[in-house]
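Numbering follows the working numbering, in which position 128 of the sequence shown is assigned residue number 128; successive positions increment by one, without gaps.
No residue lacks a Cβ here, since even glycine has one placed at the ideal position from N, Cα and C.
Here the structure is a predicted model, which is why all the values come from computation and not from measurement.
Here's the structure, in structure tokens; my notes come after.
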Amino acid sequence: MLCLVLFSTIIFSCIQCSGNSSEIANVNNDNVNRQTQGSVTIIKYDTARDTTPDVSDADVASLAAGNTEFAIDIYNKLSDSTGNIFFSPYSISIALAMTWGGARNQTETDMATVLHFPFTQATLHAAFNALDLALIRHAQSGGFDLHIVNQLWGEKTYTFLPDYLKLMQVNYGAGMYLLDFIGNPEPSRLVINTWVSDSTNQKITDLLPEGSITRDTKLVLTNAIYFKAQWADTFYCENTKNLPFLRSENDTVTTKYMSREGEYNYDSTAEYKAIELPYKGKKTSMIIILPATGKMADIESELSAVFLTTLYGSMQSKSVSLQLPKFKFTTGSNSIAGILESLGMSIAFGNQADFSGINGTGNLCIGDVVHKAYVAVDEKGTEAAAATAVIVVTTGMPDVWLSVNRPFIFLIRDVSTNTILFMGKVNDPTKE
1 MLCLVLFSTI IFSCIQCSGN SSEIANVNND NVNRQTQGSV TIIKYDTARD
51 TTPDVSDADV ASLAAGNTEF AIDIYNKLSD STGNIFFSPY SISIALAMTW
101 GGARNQTETD MATVLHFPFT QATLHAAFNA LDLALIRHAQ SGGFDLHIVN
151 QLWGEKTYTF LPDYLKLMQV NYGAGMYLLD FIGNPEPSRL VINTWVSDST
201 NQKITDLLPE GSITRDTKLV LTNAIYFKAQ WADTFYCENT KNLPFLRSEN
251 DTVTTKYMSR EGEYNYDSTA EYKAIELPYK GKKTSMIIIL PATGKMADIE
301 SELSAVFLTT LYGSMQSKSV SLQLPKFKFT TGSNSIAGIL ESLGMSIAFG
351 NQADFSGING TGNLCIGDVV HKAYVAVDEK GTEAAAATAV IVVTTGMPDV
401 WLSVNRPFIF LIRDVSTNTI LFMGKVNDPT KE
């Protein structure tokens, strides 16, 4: 069973706090509804999410290709780490797309370049909506859990443009909760963290660390993804055993390996071996890339959308005897602001930022971008393994023996759109 939980948060700070308004213009607008949920007020533009966006398949494919390039850019910035890596490029892209909806002038241009956005504002948000809805449909028809939720959190005395609220509601299904960042920043942080925990089945807790929300915070944008899927071909616990994993040339650790024989899409070159493990319904799959000994850096330098597309096309069905380590780990609440700045988005984090599409004045900048992720991969399906008494293996000798016994790259993709939902690298499967 694979269980993945990702959360991305973008925190906006006010550059010139004198620009605050004592009136809540977005609430008083005739097209904006104000509702109370418990002790919190939520405002939404008076329109439903567009469930049939007018976007071509080619546009969705272009967006997915751009998201893949952005995913690899992020991966390359993280790849020098000696620890395990795991993140959701899709989660980060959505959160930043929501932010980009309010960007103008050079801020808009720089963000689009870094994020590999191929369209204008109107087409981009509609394409994200179409892709998001397609992923949800695939989950419903494929028999796995995929929950994608977006939410805005605004300072209750601050002015937000109704057009921005409409953009968020129509394309991302996101309303805005109003919190007292000025008077109660710490309780506001706890409200957001509780929502995050509830939205991710309690897998992501304490996303925003103490002190991350201040009196200058005006807007927090959040995106959460929860994914849980059963393997199409289950690994059985009876076959799991301890074997060595080569963390580096002279460093070996013992870990639990799942084992099974079956038909898998497989590719092999002098530089790597790759295998595709489908999930139940075969709408999504895990791709594992195992570089040859000493070739990890070479493979990482070759990663691109073209490389992955070529890899997907070159795989052929083979009978494979597979040994794959179990792994489970959580990445901390990591700021990726520095990564985004190094990729060319620095203007969005400084006093030259222009997010006037959010508030009409432009006195906002991004204070931080926080990302946290959880992944667990084991042999179990969703209660299926415990209910099955028969162990099925292929007959005859397998075409390929594959033991994933050294550091490897993995990604989870939506098959029909080639959207990379999650990406990472396992350097040590024993580390949680």
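HIS371: first and last residue of the uninterrupted beta strand (DSSP E) it sits in: For the purposes of this step, residue 371 is taken as the residue at position 371 of the sequence shown. Counted as a single uninterrupted DSSP element, the beta strand (DSSP E) harbouring HIS371 occupies residues 364-377.
Rounded C-alpha distance that separates ASN427 from ALA292: Taking the first residue of the sequence shown as 1, we reach residue 427 at position 427. Taking the first residue of the sequence shown as 1, we reach residue 292 at position 292. If you take the alpha carbons of ASN427 and ALA292, they lie about 14 angstroms apart.
Given a cut-off of 8 angstroms on the beta-carbon distance, is the pair PHE422 and ILE288 in contact? As a working note, residue 422 is residue 422 in the sequence shown. As a working note, residue 288 is residue 288 in the sequence shown. Taking 8 angstroms as the Cβ cut-off, PHE422 and ILE288 do not qualify as a contacting pair.
Once DSSP output is grouped into helix, strand and coil, what is the label at ASN242? On the sequence shown, position 242 is the one that residue 242 refers to. The three-state reading of DSSP puts ASN242 in strand, counting E and B together.
Just tell me which of LYS203, LEU207, ASN201 has its CA closest to the CA of VAL191. Here the question's residue 191 lines up with position 191 in the sequence shown. Looking from the CA of VAL191, the closest CA among LYS203, LEU207, ASN201 belongs to LEU207.
State yes or no: is the C-beta of LEU165 nearer than 7 angstroms to some heavy atom of the ligand GDP? The model on display carries no ligand, and the ligand GDP is accordingly not part of it.
Using three-state DSSP, classify LYS433 as helix, strand or coil. For residue 433 there is no data in the structure shown, the boundaries of the chain being 1 and 432.
What residue range does the alpha helix (DSSP H) around GLN441 cover? Within the shown structure, residues of the chain are numbered from 1 to 432, placing residue 441 beyond reach of any answer.
ASN201 and GLY424 - do their beta-carbons sit closer together than 8 angstroms? Counting from 1 along the sequence shown, the entry for residue 424 is found at position 424. Counting from 1 along the sequence shown, the entry for residue 201 is found at position 201. No.
Straight-line CA distance for LYS218 to ALA126? To locate residue 218, count along the sequence shown from 1; it is residue 218. To locate residue 126, count along the sequence shown from 1; it is residue 126. C-alpha separation (whole angstroms): 26 angstroms.
From which residue to which residue does the alpha helix (DSSP H) around PHE70 run? Taking the sequence shown and counting its residues from 1, the one referred to as residue 70 is at position 70. Element bounds for PHE70: 57-78.
Between which two residues does the beta strand (DSSP E) holding ILE412 run? Indexing the sequence shown from 1 puts residue 412 at position 412. Here the beta strand (DSSP E) through ILE412 covers 408-414.
Where does LYS425 sit, in a helix, a strand or coil, going by DSSP? As a position in the sequence shown, residue 425 is number 425, starting the count at 1. Strand, per DSSP.
Sort out for me which residues DSSP pairs LEU324 with in a bridge. Along the sequence shown, one-based indexing puts residue 324 at 324. In the DSSP output, where bridge partners are listed per residue, LEU324 has MET258.
If we ignore side chains and look at the alpha-carbon of each, how far apart do GLU432 and GLU69 end up? Residue mapping note: residue 432 aligns to position 432 of the sequence shown, counting from 1. Residue mapping note: residue 69 aligns to position 69 of the sequence shown, counting from 1. Approximately 28 angstroms, taken between the alpha carbons.
Which residues does DSSP pair with GLU276 in a beta bridge? For the purposes of this step, residue 276 is taken as residue 276 along the sequence shown, with counting starting at 1. As a beta-bridge residue in DSSP terms, GLU276 pairs with ASN265, ILE287.
Quick one: grab the DSSP three-state call for ASP110. In the sequence shown, counting from the first residue as 1, residue 110 sits at position 110. It is helical.
Is VAL375 buried or exposed, if buried means 16 or more other CB atoms sit within 10 Å of its CB? To locate residue 375, count along the sequence shown from 1; it is residue 375. Under this definition VAL375 is a buried residue.
When you compare the CB positions of SER319 and ASP251, do they come within less than 8 angstroms of one another, or not? The residue you call residue 319 lines up with position 319 of the sequence shown. The residue you call residue 251 lines up with position 251 of the sequence shown. With contacts defined by Cβ atoms closer than 8 angstroms, SER319 and ASP251 do not form a contacting pair.
Identify, in the order they occur along the chain, each residue of the same chain with its Cβ nearer than 8 angstroms to the Cβ of ASN28, setting aside the five sequence neighbours on each side. Along the sequence shown, one-based indexing puts residue 28 at 28. Here ASN28 scores only 45 on pLDDT, less than 50, and its place in the model should not be relied on; the value that follows carries that caveat. Excluding positions up to five away in sequence, the list is empty.
What's the gap between the Cα of ILE336 and the Cα of ALA348? Taking the first residue of the sequence shown as position 1, residue 336 is located at position 336. Taking the first residue of the sequence shown as position 1, residue 348 is located at position 348. In a straight line, the C-alpha of ILE336 is about 13 angstroms away from that of ALA348.
Does the distance from the CB of LEU63 to the CB of PHE128 come in under 8 angstroms? As a working note, residue 63 is residue 63 in the sequence shown. As a working note, residue 128 is residue 128 in the sequence shown. Against a cut-off of 8 angstroms, the Cβ pair of PHE128 and LEU63 comes out as a contact.
PHE327 and THR107 look like a contact to me (Cβ under 8 angstroms); what is the Cβ gap, rounded to whole Å? Start at 1 with the first residue of the sequence shown, and residue 327 comes out as number 327. Start at 1 with the first residue of the sequence shown, and residue 107 comes out as number 107. Between THR107 and PHE327 the Cβ distance is about 39 angstroms, and since that is not below 8 angstroms, they are no contact.
First through last residue of the beta strand (DSSP E) which encompasses ALA224: In the sequence shown, counting from the first residue as 1, residue 224 sits at position 224. Unbroken beta strand (DSSP E) run through ALA224: 217-229.
Can you tell me whether GLN169 is helix, strand or coil according to DSSP? Reading the sequence shown from its first residue, position 169 is the one you call residue 169. In the structure shown, GLN169 sits in a helix (DSSP, three-state: H, G or I).
Bridge partners for PHE87 per DSSP, in chain order? Position 87 of the sequence shown, counted from the start, is the residue given in the question as residue 87. PHE87 is bridged by DSSP to MET423.
Is the beta carbon of LEU322 sitting closer than 8 angstroms to the one on ARG260? As a working note, residue 322 is residue 322 in the sequence shown. As a working note, residue 260 is residue 260 in the sequence shown. For the pair LEU322 and ARG260, the CB atoms are nearer than the 8 angstroms cut-off.
Indicate whether ILE72 and PHE87 have their beta-carbon atoms separated by less than 8 angstroms. Along the sequence shown, read from residue 1 onward, the residue named residue 72 stands at position 72. Along the sequence shown, read from residue 1 onward, the residue named residue 87 stands at position 87. No, Cβ-Cβ distance for ILE72 and PHE87 is not below 8 angstroms.
Can you give the Cα-Cα distance for THR430 and PHE408, rounded to whole angstroms? The residue given as residue 430 occupies position 430 in the sequence shown. The residue given as residue 408 occupies position 408 in the sequence shown. Each residue's Cα considered, the two are about 14 angstroms apart.
Whole angstroms is fine: what's the gap from LYS156's alpha carbon to LEU179's? Mapped onto the sequence shown, residue 156 falls at position 156. Mapped onto the sequence shown, residue 179 falls at position 179. Using only the alpha carbons, I get a separation of about 5 angstroms.
Check the DSSP bridge columns for VAL306 and list the partner residues they point to. Taking the sequence shown and counting its residues from 1, the one referred to as residue 306 is at position 306. In the DSSP output, where bridge partners are listed per residue, VAL306 has none listed.
Since ILE192 is in the alpha helix (DSSP H), which residue starts that stretch and which ends it? Locating residue 192 in the sequence shown gives position 192, where the first residue counts as 1. Boundaries of the alpha helix (DSSP H) harbouring ILE192: 185-199, taken from the DSSP string.
Residues in the same chain with beta-carbon distance under 6 angstroms from THR395, minus the five sequence neighbours each way, listed in chain order, please. The sequence position of residue 395 within the sequence shown is 395, counting from 1. Caution is warranted here: a pLDDT of 33 is assigned to THR395, below 50, making its placement in the model unreliable, and no coordinate value can be reported.
GLU276 classed as buried or exposed, judged by whether at least 16 other C-beta atoms fall within 10 angstroms: Taking the first residue of the sequence shown as position 1, residue 276 is located at position 276. Answer is buried; the Cβ neighbour count reaches 16.
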